[in-house]
Structure formats: C-alpha cells, structure tokens
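Undergrad: Dumping the structure here so I can ask a few things about it.
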Amino acid sequence: MTDYIIVGAGPAGCVLANRLSEDPGNSVLLLEAGGKDWHPYIHMPAGFAKMTKGIASWGWSTVPQKNMKDRVFWYTQAKVIGGGSSINAQIYTRGNARDYDAWEKEEGLAGWSYRDVLPYFKRAENNQRFANDFHGDQGPLGVSNPISPLPICEAYFRAGQEMGIPFNPDFNGAAQEGVGYYQLTQKDARRSSASVAYLKPIRARKNLTVRTDVLVTRIVVENSRAIGVEIVDRPGGEKTILRAEREVIVSSGAIGSPKLLMQSGIGPADHLKSVGITPMHDLPGVGSNMQDHLDLFVIAECTGDHTYDNYAKLHRTAWAGLQYLLLKKGPVASSLFETGGFWYADPTAASPDIQFHLGLGSGIEAGVEKLNNPGVTLNSAFLRPRSRGTVRLKSADPGDHPLIDPNYWSDPYDRAMSIKGLRLAREIMRQKALAPYVLREVLPGPSLASDDELFDYACRSSKTDHHPVGTCRMGHDKMAVVTPDLRLRGIEGLRVCDASVMPRVPSSNTNAPTIMVGEKGADLILGREPLPPAVFSGNRAA
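The numbering used here puts the sequence shown at residues 10 to 551.
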C-alpha cells in the first residue's frame with residue numbers, strides 16, 4: 010500500500026513524484042510504461058532528431074485526416090522515463106500571458122491566470138541567464154541559451170527585422186513577439202529532462218519508488234472511489250493490483266491519459282460500449298477537445314556550408330563527437346531548432362499566432378531529397394487552432410494503439426492562417442540579409458504560389474509539432490473531465506495532471522507549460538496554499 014500512485018513519468022509525473030515525496034510522511038509510487046533513459050541520444054542535445062524516428066516512443070500514427078486528403082501523420086509519443094521532455098527539441102517557451110488569462114476569464118478556471126501560474130514557471134526554473142520578474146534561478150530545471158549558434162541564425166534575425174519583426178532577447182519575458190534565440194532545457198551542454206532535473210537528484214528517497222516497464226491496464230474503482238491500479242509488468246505477464254491509500258494521479262499525457270481512463274470504463278458510454286467495455290462512469294468529455302500545432306515548412310538550399318548537414322559525413326560526425334566530448338560545443342551540443350520567433354498571420358490577433366523554428370539542416374525530422382549543398386529549414390506553426398479532435402480506443406485491448414484524430418483543419422480558419430504562416434516563412438527566407446546564405450527555395454518550390462497549391466503541398470509534407478493537449482480538460486460544464494483542482498468529476502481519489510487538462514493549447518511549445526501544471530498540481534494535491542500571484546513591472550500582455 011502506498012499513499013499516492015502516479016501513472017506516467019512524463020514531465021508532469023516526474024514533477025509530482027519529486028514534490029509529493031518531499032514530505033517523508035508521504036509514500037509515492039511512480040509507474041512508467043517505458044524504460045529508463047539510458048540511450049545516449051536522449052542526453053545529447055542533437056540526439057532529438059533521431060528520437061522522432063521511433064526510439065523511446067510508442068510508434069503511433071493518426072487516423073487519416075479527412076480535411077487533409079486522408080493524410081496519415083506519424084505521431085511520436087514518448088515511451089521512456091521523462092516522457093516528451095526526454096525526446097523533444099528542448100525548446101523552453103511558455104506561451105502568451107493572454108493564453109492563461111483566457112483560461113481564467115473565458116473558461117472559468119480561477120487560479121490559472123498568467124499571474125497565478127507564473128510563480129510555478131519560476132519555481133521550476135534554474136535559468137542560467139535570467140533572474141528577474143519573469144524567471145527563477147533556484148529550481149531543478151536547467152534552462153540555458155544555445156551553445157553553438159551559427160552565423161545563419163544572426164542573418165535570420167536581420168531578415169526578420171527587414172520585414173518589421175523585432176529582435177527579442179527573451180520570448181518568456183516582457184513580450185513574446187519577435188525573432189531570437191530560444192532558451193533550451195539544457196544544463197552543461199546536456200538535456201535537462203524532467204527525469205534528470207526532478208528524479209535523478211532524489212532517487213535515494215526511501216518514500217519514493219520508481220518502476221519502469223510497467224503497463225497500467227486500468228484504474229481500479231470501488232464505490233465511486235479510485236483505490237488503485239491494475240498493472241502488467243511484462244508482455245503476457247499476470248495482472249496485479251496495486252493499492253493507493255490517498256489518490257491515484259493519471260499523468261500519462263494527452264493521448265495516454267484519456268486512453269487509460271477509457272480502458273477503465275471512464276469516458277463516453279456509447280464509445281466504450283462500441284469497443285466492448287462496460288461503462289463504469291459516463292464522462293463524455295474524456296478524449297474530446299484534442300488540440301495540436303500543425304507544422305508547415307520551407308526548405309532552402311544554402312550557398313555553402315552554412316548548416317549542419319555535412320556533419321552526416323563519417324569523418325565530420327567523428328569530429329563533432331570529439332568536439333562535444335572535449336569542449337561541450339559544436340553540432341552535438343545544438344538542439345538544431347534553437348532559433349525562431351513569434352509573429353502574426355491574422356493582423357487582428359491580440360497576440361502572436363505563428364511560431365517559427367529555424368532548423369539548421371535540410372528537413373532534419375521530415376527529410377528531403379538530396380541537395381548539392383547543405384540546406385536550411387524554416388518551420389511555421391499556427392498557434393491557436395480552432396479545430397478540435399479526439400482520442401478513442403480501437404478495442405478493449407490495452408495493448409492496441411489508440412485512434413488519434415487531431416482533426417486538422419476541420420475549421421477553415423486554421424487552414425487559412427497556416428498557409429499565411431507558410432507564406433511568412435517563405436518571405437523571411439527571401440530577405441536580403443539571408444541572400445549570402447540561401448541559394449534557392451526547394452520546398453514548397455517557387456512554382457507553387459496559389460493557396461490551393463500550397464494546400465496540396467501541406468497535405469503531402471506537413472507534420473505535427475507534437476503538442477497535443479486538452480483531452481481531459483479542466484472546466485465546469487458537462488464536457489469537462491476534471492475540476493480546476495484537477496479532480497476527476499464524479500470519482501473520488503482520482504486526479505489527472507498533465508497536458509491533457511489544458512482547456513486550450515498554449516501559444517508555444519508545451520513542455521514548459523506541462524511542467525508548470527505539475528508544479529501547481531502538486532500544491533493542489535497536497536492542499537497547500539497556492540504561491541502568491543506574480544507581481545511584475547511592464548506589460549506582459551503580448
């Protein structure tokens with residue numbers, strides 16, 4: 010018997026394990042379906058480019074996207090301790106202040122405004138550069154500036170300014186808009202995942218048990234109270250029930266959390282019946298409200314050796330490895346997407362609605378045909394999609410892949426803004442400042458100009474940014490899955506704490522917001538007074 014069982018050792022789960030076990034009077038069990046973070050790619054910043062190909066992931070794909078010519082998207086979801094924070098591009102962005110203010114004002118989530126959540130971002134943060142109203146430098150999570158930027162990055166900043174986009178030294182500070190370097194979840198030239206930051210320093214705590222390679226098949230509920238979980242610790246193994254004295258906390262992510270709830274008979278009753286599961290608690294919002302950022306990109310051929318593509322050659326790979334081992338610099342120390350920015354597709358938007366990531370190679374994740382010279386990529390993502398998708402079960406078998414349907418571009422506004430974002434990216438790449446570095450556009454290619462042509466290109470080539478949220482959202486209406494204090498509606502002793510509870514996707518990458526949810530969730534679970542709302546000078550509305 011343990012006090013708290015946490016299901017899922019992703020970013021939020023690792024935070025919870027640390028914070029709940031700070032009190033030696035609390036016993037905590039953290040369960041992770043994936044393995045340990047032993048693979049060297051996990052800890053090398055540039056290794057993330059290999060992770061999206063399937064290492065340490067579930068190997069899932071979406072259902073055909075009916076608004077994108079039935080395209081099926083590879084949908085990497087982490088299967089490793091640390092979750093997405095162990096395999097992502099390490100970009101540390103929090104979103105816009107208006108995102109969280111909308112959670113409070115428009116979704117009715119008291120205590121989740123920007124001033125309320127900023128102290129939890131700061132509590133998590135061990136920032137290597139900033140210590141001010143917006144940043145902390147005493148937390149567990151390493152946050153630092155890029156170690157090995159290239160001259161093309163500075164040219165990109167000048168290109169943005171030629172278009173009227175200002176340079177921004179801190180996207181998480183007084184303003185979000187502009188171009189600049191991203192801060193990264195790195196420390197000493199190594200990835201600072203939630204596992205490294207929150208679990209590694211406390212593994213000796215006697216009141217914390219961490220188990221990997223354990224599949225939780227269902228939450229055990231008796232008399233409308235969660236009393237534990239059923240697990241299988243190896244393929245074909247026997248099922249075992251582990252009991253929780255106080256609470257079961259589901260932290261399996263925006264795909265895994267609704268999947269587990271539905272496997273347990275908690276979710277939309279009609280759907281559960283259709284796959285042979287007896288509904289135990291009809292909660293129609295489970296698995297609905299899925300949101301994600303779709304990524305459209307420009308790939309250009311460079312005039313020379315201006316990016317990292319040539320390091321794929323054996324002798325240069327060897328040199329890059331030595332450079333990293335001896336000096337902690339060079340391509341291996343780069344996240345490859347450490348440059349970017351935020352700007353507007355919709356000129357009437359109150360805050361930036363497009364995010365750019367400059368990739369220091371020709372495709373990196375997506376791949377591209379052979380170029381004569383190294384290439385460079387500029388990704389653009391529309392940040393506030395109106396489309397809503399679902400996560401559903403394929404069958405009653407917990408081993409089956411879920412049916413992931415982001416439902417991209419079901420709202421025509423998303424398609425229009427995404428294509429505007431792509432046009433902005435093309436325009437940046439054509440600026441005078443980048444002319445010494447960029448030889449020609451390869452994708453989409455100069456022959457594609459109309460919205461219809463760019464739509465066809467997007468259907469062929471776009472990718473997910475791996476930012477799913479919202480599938481167990483907080484709220485007060487009948488489609489809400491959890492309350493603002495993360496309690497599952499209608500069942501005692503059960504909470505959800507991860508990206509799935511976010512009612513709307515933040516205007517940014519989602520790792521830092523998920524860690525914030527874990528930090529705030531820990532105080533809610535422990536019944537602590539919330540951290541005092543932030544007080545800061547200046548305007549953080551944009």
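Glycine is no exception: its CB is placed at the ideal position from the N, C-alpha and C atoms.
(1) Ignore the nearest five residues each way along the sequence and tell me which others in Met511's own chain have a CB closer than 6 Å to its CB.
(2) Under 6 Å Cβ to Cβ from Pro175, same chain only, skipping five residues before and after it: list those, please.
(3) Give the straight-line distance between the Cα atoms of Tyr84 and Ser36, rounded to the nearest whole angstrom.
(4) Nearest to Pro244 by alpha carbon, out of Val223, Ile228, Leu503?
(5) Would Ile264 count as contacting chain B if we go by Cβ distances under 9 Å?
(6) Touch check for the segment 499–508 and the segment 15–35: three-plus C-beta pairs under 8 Å?
(7) Is DSSP giving Phe306 helix, strand or coil here?
(8) If you drop the 5 nearest sequence neighbours on each side, which residues of the same chain put their C-beta closer than 7 Å to that of Ala442?
(9) Give the range of the beta strand (DSSP E) segment to which Ser427 is assigned.
(10) Cα separation between Ala551 and Arg107?
(11) At which residues does the alpha helix (DSSP H) containing Glu462 begin and terminate?
(12) Give the DSSP bridge partners of Glu501, in chain order.
(13) In or out: His485 buried (at least 16 other Cβ within 10 Å) or exposed?
(14) Determine the closest residue to Asp46 out of Ile96, Lys338, Thr71, with distance taken between C-alpha atoms.
(15) Would you check if the segment 125–144 and the segment 236–252 touch, i.e. whether three or more CB-CB distances between them fall below 8 Å?
(16) If I measure Cβ to Cβ from Glu528 and keep anything under 6 Å in the same chain, skipping five residues before and after, which residues do I get?
(17) Could you work out which residue in Gly398, Glu462, Gly148 is closest to Val72 when comparing CA atoms only?
(18) Using DSSP with H/G/I as helix, E/B as strand and the rest coil, what is Lys75?
(19) Could you spell out the range, first to last residue, of the alpha helix (DSSP H) harbouring Asp110?
(20) Could you tell me the alpha carbon to alpha carbon distance between Ala354 and Ser344, rounded to whole angstroms?
(21) Under 9 Å, do Asp193 and Ile64 count as touching if we go by C-beta distance?
(22) Can you check whether the CB of Ile161 is closer than 9 Å to the CB of Thr316?
(23) Taking Cβ positions, are Asn388 and Asp301 nearer each other than 9 Å?
(24) Exposed or buried, which one is Asp414 when buried takes at least 16 other CB atoms within 10 Å?
(25) For Ser261, I'd like the list of residues in its chain whose CB is within less than 6 Å of its CB, leaving aside the five on either flank, ordered along the chain.
(26) Do you know how far the Cα of Pro340 is from the Cα of Lys196?
(27) Mapping DSSP to helix, strand and coil, what is Ala551?
(28) From His48 to Asp532, what does the alpha carbon distance come to, in whole angstroms?
(29) My guess is that Ile156 and Lys337 are in contact by the Cβ rule of under 8 Å, so how many angstroms apart are they, rounded?
(30) Since I believe Glu256 is in contact with Gly502 (beta carbons under 8 Å), could you give me their beta-carbon distance rounded to a whole number of angstroms?
(31) By the 10 Å Cβ neighbour count, where 16 or more other Cβ atoms means buried, how is Lys88 classified, buried or exposed?
(32) Is Arg559 helix, strand or coil by DSSP?
(33) Between the Cα of Val455 and those of Ala309, Asn27, Pro210, spot the shortest distance and give me the residue it belongs to.
(34) For Ile228, does the three-state DSSP call read helix, strand or coil?
(35) Is the beta carbon of Ile437 sitting closer than 9 Å to the one on Phe391?
TA: On the basis of the coordinates in this document:
(1) Val478, Gly479
(2) Gly187
(3) 35 Å
(4) Val223
(5) This model lacks chain B altogether; it includes just one protein chain.
(6) yes
(7) strand
(8) Ala164, Arg167, Ala168, Glu171
(9) Careful: Ser427 lies outside any beta strand (DSSP E), inside the alpha helix (DSSP H) at 421–438.
(10) Caution is warranted here: a pLDDT of 47 is assigned to Ala551, below 50, making its placement in the model unreliable, and no coordinate value can be reported.
(11) 460–470
(12) Arg234
(13) exposed
(14) Ile96
(15) no
(16) Val24, Tyr129, Arg132, Ala133
(17) Gly398
(18) helix
(19) 106–114
(20) 26 Å
(21) According to the sequence shown, residue 193 is Leu rather than Asp. No, Cβ-Cβ distance for Leu193 and Ile64 is not below 9 Å.
(22) yes
(23) no
(24) buried
(25) Val16, Gly17, Leu269
(26) 16 Å
(27) Residue placement at Ala551 cannot be trusted, given a pLDDT of 47 that sits under 50; what the coordinates show is reported in the next sentence. If DSSP states are grouped into helix, strand and coil, Ala551 belongs with coil.
(28) 33 Å
(29) 7 Å
(30) 5 Å
(31) buried
(32) The structure shown does not extend to residue 559, since the chain spans only 10 to 551, so no value can be given for it.
(33) Looking at the sequence shown, residue 455 is not Val but Pro. For Pro455, the nearest C-alpha among the options comes from Ala309.
(34) strand
(35) no
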